[in-house]
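Let me begin by presenting the structure, written as structure tokens, before commenting on it.
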Amino acid sequence: MTATACTACGGTRLLPFYRVEAIPVHSCLLVDTREAALAFPKRDLELAFCEDCGFIFNRLFDPTVLDYSPDYEETQGFSPRFRRFLETLCDELAERHDLRGKTVLEIGCGKGEFLVALCERAGCRGIGIDPAYRPERTASPAMDRLTFIRDLYGTDYLHLAADADHVCCRHTLEHIPDVSGFLGLVRRGIGERRGVSLFFELPDMERILVEQAFWDIYYEHCNYFTAGSLASAFRRAGFRVTRQWKAYDGQYLMLEAEPAAASFGSSGDVARTREQVARFTAGIAARLAQLRGEAEAWRRAGKTVALWGSGSKAVGYLTTLGLEDEVAAVVDINPFKRGKHLAGTGHAIVGPDDLSGLRPDVVVVMNPIYVEEIAAELRRRGLAPEVTALT
Ligand SMILES: [Zn+2]
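Here the UniProt record's numbering is used: position 186 in the sequence shown is 186, and no number is missing along the way.
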């Protein structure tokens with residue numbers, strides 16, 4: 001099943017440029033045993049660049065193989081660095097959109113940590129919708145202002161957008177195969193009301209291309225936006241983009257919008273993205289060979305290697321490079337992940353305290369933004385491995 005039209009603009013001038021075979025369809029789903037993790041469903045990915053709007057997507061994507069059940073464990077909320085980022089973002093949004101006393105709808109709220117923080121800090125009401133929501137994880141003094149629905153957002157929930165003053169959607173649009181259909185649904189829900197604001201946050205593809213950060217390309221993400229292709233998708237769906245910026249060391253793309261009439265036109269960065277795609281294509285094989293060589297050298301030297309961070313980046317890094325026993329374990333500070341296994345590769349997930357037994361020689365940090373935090377965790381346990389980050 002190969003898509004022949006762009007899922008954002010409908011254009012048919014598609015340029016396929018990057019292919020990875022047999023990668024696990026989920027990277028954040030917890031798997032209980034190594035056997036089940038190794039037997040996890042796998043599919044191929046092929047990124048295509050749309051010459052018309054600059055959007056990039058997996059044209060082999062099959063949404064029917066995905067299951068966002070409550071076992072889906074996406075939270076980064078156990079990191080102090082990430083908590084600070086969320087709280088600062090909440091305060092900025094609350095002030096800019098004057099959210100006190102208002103109603104905020106979050107589509108794809110995960111475990112609800114952002115919405116809870118926003119309601120607590122901004123004094124607003126919150127409605128969150130996500131199939132992976134877990135009620136037992138939420139404890140908040142703002143609970144009487146919070147409602148959660150464990151489901152996917154769809155036509156049954158148009159009334160939620162109709163009642164909201166602010167709609168936010170973080171790290172969700174990149175999972176939704178029908179981009180224009182989804183944005184159209186949000187727009188329909190808001191209708192003709194004025195004064196409604198939107199905030200969207202998702203990974204920035206420009207950085208992935210420029211840095212050849214292939215570990216950020218994985219099956220769950222069918223969509224890869226640059227600032228320009230994201231703005232175009234919103235304009236076509238009937239929104240006016242009011243603000244765009246990058247955050248979290250340039251890893252995330254942030255967009256604010258308000259309802260308007262639909263408008264068309266190219267995104268402005270299509271030519272630049274085309275060049276970045278060409279450079280990525282030219283350099284990626286050497287990049288993969290270099291990192292495989294590095295892992296092979298660790299193995300030959302008899303070094304014990306641990307990855308720190310068991311999220312999608314770890315799955316992307318291990319499966320794209322085809323690493324197996326080169327890596328002994330994957331560390332995660334999220335206690336809900338300890339004792340589970342990484343989908344596709346079967347690596348065991350351990351907690352930071354387990355490292356005293358493992359005594360790694362090398363710790364590969366999956367997200368460079370956490371290097372200081374992780375170095376401190378290692379020092380506290382009397383460990384001094386070589387620490388290297390994916391950059
Ligand atoms: Zn397109």
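Glycine included, every Cβ here is placed at the ideal spot set by N, Cα and C.
Do you know whose CA, among 206, 171, 380 and 9, lies nearest residue 180's CA?
The residue with the shortest Cα to Cα distance from residue 180 is 9.
Which residues, in chain order, sit with a beta-carbon under 5 Å away from any heavy atom of ligand 1?
Residues with a Cβ closer than 5 Å to any heavy atom of ligand 1, in chain order: 6, 8, 9, 11, 50, 52, 53 and 55.
Determine whether the beta carbon atoms of residue 304 and residue 328 lie at a separation below 8 Å.
The answer is yes: Cβ separation under 8 Å.
Kindly indicate which three-state DSSP category residue 377 falls into: helix, strand or coil?
Helix.
Contact between the region 104 to 118 and the region 75 to 91 (3+ Cβ pairs under 8 Å)
Judged by Cβ distances under 8 Å, the region 104 to 118 makes contact with the region 75 to 91, as three or more pairs qualify.
Would residue 245 be called buried (16 or more neighbouring beta carbons within 10 Å of its own) or exposed?
Taking every protein chain shown into account, the CB of residue 245 has fewer than 16 other CB atoms within 10 angstroms, so this residue is exposed.
Taking residue 343 and residue 131 to be in contact with their CB atoms under 8 Å, please state how far apart those CB atoms are, rounded to whole angstroms.
About 17 Å separates the two Cβ atoms, so there is no contact after all.
Of the listed residues 87, 258, 225 and 91, nearest to residue 241 (C-alpha basis):
Of the listed residues, the one whose Cα sits closest to residue 241 is 258.
What are the boundary residues of the beta strand (DSSP E) that residue 395 is part of?
The question about residue 395 has no answer here: the residues shown for the chain are numbered 1 through 391.
Integer Cβ distance of residue 361 from residue 386, believed to fall under 8 Å
Confirmed, Cβ separation roughly 7 Å.
State the beta-bridge partners of residue 257 as determined by DSSP.
Answer is 198 and 241.
List the endpoints of the continuous beta strand (DSSP E) containing residue 18.
That run of the beta strand (DSSP E) goes 14 to 24.
Can you tell me which of 136, 30 and 60 puts its alpha carbon nearest to the alpha carbon of residue 6?
Ranking 136, 30 and 60 by Cα distance to residue 6 puts 60 first.
Which residues in the same chain as residue 287 place their Cβ atom closer than 6 Å to its Cβ, once the five residues preceding and following it in sequence are excluded?
Result list for residue 287: 212, in chain order.
Should the region 166 to 183 be regarded as contacting the region 136 to 151, the criterion being three or more beta carbon pairs within less than 8 Å?
No contact exists between the region 166 to 183 and the region 136 to 151.
Within a Cβ cutoff of 6 Å, which residues of the same chain sit near residue 238, ignoring the five residues on either side of it in sequence?
Contacts found: 187 and 262.
Using the C-alpha atoms, what's the distance from residue 33 back to residue 209?
Here the C-alpha atom of residue 209 lies approximately 34 Å from the C-alpha atom of residue 33.
Note the first and the last residue of the continuous beta strand (DSSP E) segment covering residue 166.
166 to 170 is the span of the beta strand (DSSP E), which, as asked, contains residue 166.
Entirely enclosed beta strand (DSSP E) segments - the UniProt domain "C-methyltransferase" (274 to 379), minimum 3 residues
Listed in chain order, the complete beta strand (DSSP E) runs (minimum 3 residues) inside the UniProt domain "C-methyltransferase" (274 to 379) are 305 to 308, 329 to 331 and 362 to 365.
Give a yes or no on whether the C-beta atoms belonging to residue 316 and residue 218 are separated by under 8 Å.
Yes; because the gap between Cβ atoms is below 8 Å, this pair is in contact.
Going by beta-carbon coordinates alone, are residue 127 and residue 155 separated by less than 8 Å?
Not a contact, by the Cβ cut-off of 8 Å.
Considering only DSSP beta bridges, list what residue 246 is partnered with.
In the DSSP assignment, residue 246 is bridged to 253.
State yes or no: is the C-beta of residue 349 within less than 8 Å of the C-beta of residue 330?
Yes, Cβ-Cβ distance for residue 349 and residue 330 is below 8 Å.
Within 10 Å of its beta-carbon, does residue 392 have 16 or more other beta-carbons around it, so buried, or fewer, so exposed?
Here the chain has residues from 1 to 391 only, and residue 392 is not among them.
CA-CA distance, residue 183 and residue 256?
In a straight line, the C-alpha of residue 183 is about 13 Å away from that of residue 256.
With DSSP run on the structure shown, which of helix, strand or coil describes residue 50?
Residue 50: strand per DSSP, three-state reduction.
Cβ-based neighbour list, residue 102, same chain, cut-off 6 Å, excluding 5 preceding and 5 following:
Correct list, in chain order: 124 and 165.
May I have a chain-ordered list of the beta strand (DSSP E) segments no shorter than 3 residues that lie completely inside the region 113 to 141?
Segments of the beta strand (DSSP E) lying fully in the region 113 to 141: 125 to 129.
Which residue marks the beginning of the beta strand (DSSP E) containing residue 160, and which one marks its end?
Taken as a continuous stretch (DSSP letters only), residue 160 belongs to no beta strand (DSSP E), being part of the alpha helix (DSSP H) at 158 to 163.
Going by the DSSP bridge assignment, what does residue 42 pair with across the sheet?
In the DSSP output, where bridge partners are listed per residue, residue 42 has 24.
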